[in-house]
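As C-alpha cells, the structure follows; a few thoughts come after it.
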Amino acid sequence: MSSLLLLNLPKYRKVVRLADGTRALLRPLLPEDRTKLLGMFAGATEEDVMYLKDDVRDRDVVASWIDNLDYSRVLPIVACVDERLVGQATLHFHFGPTRHIGRVRIFLATEYRRRGLGTKMLEEITELGKRFGLQQLLAEIVVEQTQVVKAFQKLGFTLEAHYRDYFMTPDGMTHDMAILRLPLPVSRRDEF
Ligand SMILES: CC(C)(COP(=O)(O)OP(=O)(O)OC[C@H]1O[C@@H](n2cnc3c(N)ncnc32)[C@H](O)[C@@H]1OP(=O)(O)O)[C@@H](O)C(=O)NCCC(=O)NCCS
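Here the sequence shown stands for residues 1304 to 1495, numbered as in the numbering used here.
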C-alpha cells in the first residue's frame, strides 16, 4: 500500500453534484465527526439493521469506528451536505495473500437514497481502490436486497458467488449472500 497516498488522505476532497442539483462534499471520516456519524446511523431503518453486518444503531459500535480510525485498515469516505453527514462508504483493505482485494460497504441516510449519491460514492471508492493499487473490489449483499445489488451492478460489479444460507438475521432466519466483484484496471497515482 502506498504510504504517500495514506499521508495525503486527510487532504482528499471531492464535490459531487446530484441530478437534483444538491452538492455533496466527499472526504475521509475524521475524529471530530463522532456526533454527526452517530446521528446519521441513528436514523437507520429496521430493514437496514436487519441486513447490515453491524448493528449501526448501537452507539458503541459506531463510536468504535471513530475511536479506532486507521485508514490503512478501513478507509471511510463520508458525504456531507450543509455540514450534515448523509452517507458513508468504506473500503476495507486486506493483508497477506488477499492484499490485492478491497471490500466495499455503503450506507446512506434514508432521505438521500435514490438520488444518485450511492452511485457517486461507489464510483469514488472504486477510483480510490485503483489508486491504492487494488486489483479487485468485492461486496457482500443479502440476495433479497435486490435494490442494493442493482446499485452495485450499475457500477459494473457482477455476481461472483452465491453463498447459500450465509447470513443470519436477528430473527434466526438464514439468507443467501451474493458476492459481487469488480475487477480494477491497474493505475498508480500517488496524489489526489
Ligand atoms: C444501497 C444504497 C447505498 C444505494 O444508494 P442510492 O443512492 O440509493 O442509489 P442510486 O440512487 O445511486 O441508485 C443506483 C441504482 O440502484 C438501484 N436502486 C437503488 N435503490 C433502489 C430501490 N429502492 N428500488 C429499486 N432500485 C434501486 C437502481 O438500479 C439505481 O439506478 P437507477 O436510479 O438508474 O435506476 C442505499 O440504498 C443504502 O444506503 N441502503 C441501505 C444500506 C445498505 O443496504 N447498504 C449496502 C450494504 S453493502
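Every residue gets a Cβ at the ideal spot worked out from N, C-alpha and C, and that includes glycine.
Please read all numbers here as calculations on a predicted model, not as lab measurements.
Bridge-paired residues (DSSP) for residue i
i, result
"Y1466", "M1480"
"R1320", "R1326"
"I1409", "A1392"
"M1353", "Paired residue(s): none; M1353 is not in a bridge."
"R1416", "Beta-bridge pairing links R1416 to no other residue."
"R1387", "V1384"
"M1471", "T1477"
"V1377", "H1395"
Test item: CB-CB of residue i and residue j under 8 Å
i, j, result
"K1356", "R1387", "no"
"A1496", "G1390", "Nothing in the structure corresponds to residue 1496, since the chain is present only between 1304 and 1495."
"Y1315", "R1326", "no"
"F1460", "A1442", "yes"
"R1376", "F1344", "no"
"P1322", "R1417", "The sequence given here places Ala at residue 1322; Pro does not occur at that position. For A1322 and R1417, no; Cβs fall outside 8 Å."
"L1458", "T1422", "yes"
"M1424", "V1446", "no"
"P1488", "K1433", "yes"
"I1428", "I1380", "yes"
"E1463", "I1482", "yes"
"R1360", "V1352", "yes"
"F1364", "D1358", "For clarity, residue 1364 is Val in the given sequence; the question names Phe instead. Result yes, Cβ atoms of V1364 and D1358 sit closer than 8 Å."
"A1366", "R1408", "no"
"T1472", "H1478", "yes"
"L1440", "G1399", "no"
Under the three-state DSSP convention, the category residue i falls into
i, result
"E1443", "strand"
"L1487", "coil"
"A1366", "helix"
"P1334", "helix"
"A1382", "strand"
"T1461", "strand"
For residue i, the first and last residue of its enclosing alpha helix (DSSP H)
i, result
"Q1456", "1449-1457"
"L1309", "1306-1311"
"G1432", "1420-1434"
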